[in-house]
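UniProt numbering numbers the first residue of the sequence shown as 1 and each following residue consecutively. Just so you know, even glycine gets a beta-carbon here, dropped at the ideal spot from N, CA and C.
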Amino acid sequence: MSTATGLILTLVLLIANAFFVGAEFALISARRSVIEPKALEENWAAKVTIRAMEQVSLMMAGAQLGITVCSLALGAISEPAIARLLMVPFEAIGMPASMLHPVSFAIALAMVTYLHVVFGEMVPKNIALAGPERMALVLAPMLMGVVTVLRPVLWTFNGIGNLVLRTMGITPKAEVNSVFTRNEVAAMVSESREGGLLEDNDEALLLGALTFEARSVANLIIPPERVATLPQGVTAAQAETAAVEGFSRFPVTAADGTLVGYVHIKDLLEAAADARDEPIPSARIRELPRIGSEQPLREALKSMQASGAHLGAATDANGTVIGIVTLEDMLEELVGQIRDDSRLVA
């Protein structure tokens with residue numbers, strides 16, 4: 001093989017190696033959530049990329065085979081070609097014949113290694129990591145073509161590799177993992193805030209939603225002694241007088257102190273003028289749903305929403321009422337502070 005042909009093949013092999021490296025890192029790093037909308041728009045490259053991401057193990061086998069072949073070919077073709085090229089100036093300066101080949105080969109090896117590492121590995125890797133989705137759309141269809149041609153060989157390699165993994169107790173994955181646990185998402189939110197991509201309020205809102213599932217009603221229970229209540233038999237006029245304190249919803253207690261429901265001031269505004277000094281009718285007293293103190297907040301919120309109630313009676317394991325919980329407090333656990341001038345806590 002002539003020196004010129006060897007140098008041309010060196011350039012081709014470096015480009016091919018860079019392609020396989022770039023395709024490998026792009027497919028691993030690309031976010032499926034970014035590419036899927038393009039696939040739904042009938043973007044051909046995006047649809048092929050999604051298929052590649054769904055069989056990433058086979059794609060990686062194809063990329064690794066390509067990188068290995070290119071690396072071996074660079075050693076077999078490029079080093080001799082560059083060594084022959086270097087011999088010409090070394091002969092011209094009178095280098096001894098015994099030193100000519102060893103020195104030329106050593107320098108050629110160093111040059112090929114440098115070109116391979118920098119231009120065949122590092123540069124394409126960093127380009128792929130800088131814009132994984134964009135590079136995946138460009139490179140994945142080409143890699144898919146290579147894999148399709150070499151599928152029988154790659155299937156064998158991939159099968160042997162998966163067998164080795166299973167003997168080690170590791171389950172092989174055929175698809176890029178594009179889902180995250182609640183803790184992983186929470187960590188991503190915190191990192192985004194630290195990186196200046198989210199405001200503190202946004203972080204608090206997102207973290208509140210992520211941790212909502214793990215919290216229970218227990219921390220939201222308002223003890224009875226801190227709750228502004230009305231006695232059963234109170235009149236609409238008396239309730240309106242109590243509302244001057246700034247409250248809009250009042251639990252109603254029986255003579256023995258048990259909770260029988262709650263009234264909303266807006267319901268009393270509809271009372272006829274001649275009935276304002278009469279006891280509030282039972283139809284105006286809203287039901288207090290029972291909420292277990294250890295019940296998860298998500299379930300408690302669903303119960304409150306289903307009943308349409310703003311207040312609930314918190315109960316212990318024996319069913320005894322131990323306090324009041326409010327829909328507002330539950331929502332604040334999810335979305336943060338809600339400004340309300342009509343709270344029921346005294």
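Can you tell me whether residue i is buried or exposed? The criterion is at least 16 other CB atoms within 10 Å of its CB, across all chains shown.
i	result
arginine 286	buried
tyrosine 262	buried
serine 33	exposed
threonine 241	exposed
alanine 108	buried
serine 293	buried
isoleucine 35	buried
proline 124	buried
proline 172	exposed
serine 98	exposed
asparagine 183	exposed
leucine 331	exposed
threonine 10	buried
serine 104	buried
glycine 312	buried
isoleucine 67	buried
valine 335	exposed
threonine 148	exposed
glutamate 191	exposed
isoleucine 170	exposed
Out of the options, state which residue places its alpha-carbon closest to the alpha-carbon of residue i.
i	options	result
leucine 115	Asn43, Leu13, Pro231, Arg290	Leu13
alanine 283	Asp277, Ile291, Gln295, Val260	Val260
arginine 290	Gln305, Arg276, Met53	Gln305
proline 279	Ser307, Phe247, Asp316, Leu230	Leu230
lysine 266	Gly257, Asp256, Phe250, Thr258	Phe250
leucine 301	Pro281, Gly257, Arg215	Arg215
glutamate 225	Asp202, Phe247, Gly257	Gly257
residue 348	Leu154, Trp155, Leu297	The requested residue 348 does not occur in the structure, where the chain is confined to residues 1 to 346.
leucine 74	Met87, Arg51, Thr5	Thr5
alanine 130	Leu27, Thr315, Ala106, Val252	Leu27
valine 185	Glu203, Val164, Leu7	Glu203
glycine 233	Thr253, Val227, Val164, Thr181	Thr253
residue 353	Leu206, Phe247, Asn162	Given a span of 1 to 346 for the chain in the structure shown, any question on residue 353 remains unanswerable.
State the DSSP-derived secondary structure class of residue i, mapped to helix, strand or coil.
i	result
arginine 290	strand
alanine 228	coil
serine 216	strand
threonine 241	helix
threonine 235	strand
glycine 75	helix
leucine 30	Reading off the sequence, residue 30 comes out as alanine, not leucine. Three-state result, alanine 30: coil.
aspartate 341	Note that aspartate 341 has pLDDT 48, beneath the 50 cutoff, so the model's placement of it is unreliable and no number is given.
alanine 110	helix
glutamate 42	coil
glycine 199	In the sequence as presented, glycine is not what sits at residue 199; that position holds glutamate. Here glutamate 199 sits in coil by DSSP.
methionine 168	coil
proline 64	The question names proline, yet the displayed sequence has glutamine at residue 64. It is helical.
glycine 319	coil
lysine 302	helix
alanine 255	coil
glycine 22	helix
alanine 346	The pLDDT assigned to alanine 346 is 40, lower than 50, so where the model puts this residue is not dependable, and the model offers no usable value.
threonine 156	helix
serine 192	helix
Can you pull the DSSP bridge partners for residue i?
i	result
phenylalanine 250	Val263
isoleucine 324	Ile222, Ala313
proline 296	Ser216
proline 279	Thr235
| request: Flag this pair as touching only if the stretch 11-29 and the stretch 139-152 have three or more C-beta atom pairs under 8 Å; answer yes or no. | output: yes
| message | Does the contact criterion of 3 or more C-beta pairs under 8 Å hold for the stretch 75-87 versus the stretch 112-130? | response | yes
| request: Flag this pair as touching only if the stretch 217-226 and the stretch 313-326 have three or more C-beta atom pairs under 8 Å; answer yes or no. | output: yes
| Segment contact flag, the stretch 89-98 with the stretch 1-8, C-beta cutoff 8 Å, min 3 pairs | no
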